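J.: According to UniProt numbering, numbering within the sequence shown proceeds without interruption in unit steps and concludes at 66.
No residue lacks a Cβ here, since even glycine has one placed at the ideal position from N, Cα and C.
Model, not experiment: these values are computed from the prediction.
Sending over a structure as structure tokens; questions will come in a sec.
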Amino acid sequence: VGDLELNYEAMDFPANPEWFMFGYTAEPGTPSEERLTLLGSLAATTSTHHTQTTHDTQTTAQQQDH
Numbered sequence: 001v002g003d004l005e006l007n008y009e010a011m012d013f014p015a016n017p018e019w020f021m022f023g024y025t026a027e028p029g030t031p032s033e034e035r036l037t038l039l040g041s042l043a044a045t046t047s048t049h050h051t052q053t054t055h056d057t058q059t060t061a062q063q064q065d066h
């Protein structure tokens with residue numbers, strides 16, 4: 001999607017100080033926001049497709065067992 005200019009925030013987990021979670025955001029109305037949204041939609045589409053394929057495979061296997 002090209003270059004992105006992002007802000008980030010690091011958050012720690014008090015119960016486990018060795019773990020961190022990073023949140024990335026783009027400034028509203030910028031090309032980076034548009035590109036980040038595109039990346040998110042591509043990831044969501046890929047994830048949904050993978051989940052559906054896995055479900056279909058499991059359903060077919062269960063039907064064959066009966």
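Could you work out which residue in T37, F22, A26 is closest to D12 when comparing CA atoms only?
T.: Taking the sequence shown and counting its residues from 1, one reaches residue 12 at position 12. Ranking T37, F22, A26 by Cα distance to D12 puts F22 first.
J.: Between the C-alpha atoms of E34 and T46, what's the straight-line distance to the nearest angstrom?
T.: Numbered from 1 along the sequence shown, position 34 holds the residue referred to as residue 34. Numbered from 1 along the sequence shown, position 46 holds the residue referred to as residue 46. C-alpha separation (whole angstroms): 19 Å.
J.: By how many angstroms is the C-alpha of E27 removed from the C-alpha of V1?
T.: Numbered from its first residue, the sequence shown carries residue 1 at position 1. Numbered from its first residue, the sequence shown carries residue 27 at position 27. For V1 and E27, the distance between alpha carbons rounds to 16 Å.
J.: Pull the bridge partners of A10 from the DSSP assignment, please.
T.: Reading the sequence shown from its first residue, position 10 is the one you call residue 10. DSSP, once it has assigned bridges, lists F22 as partnering A10.
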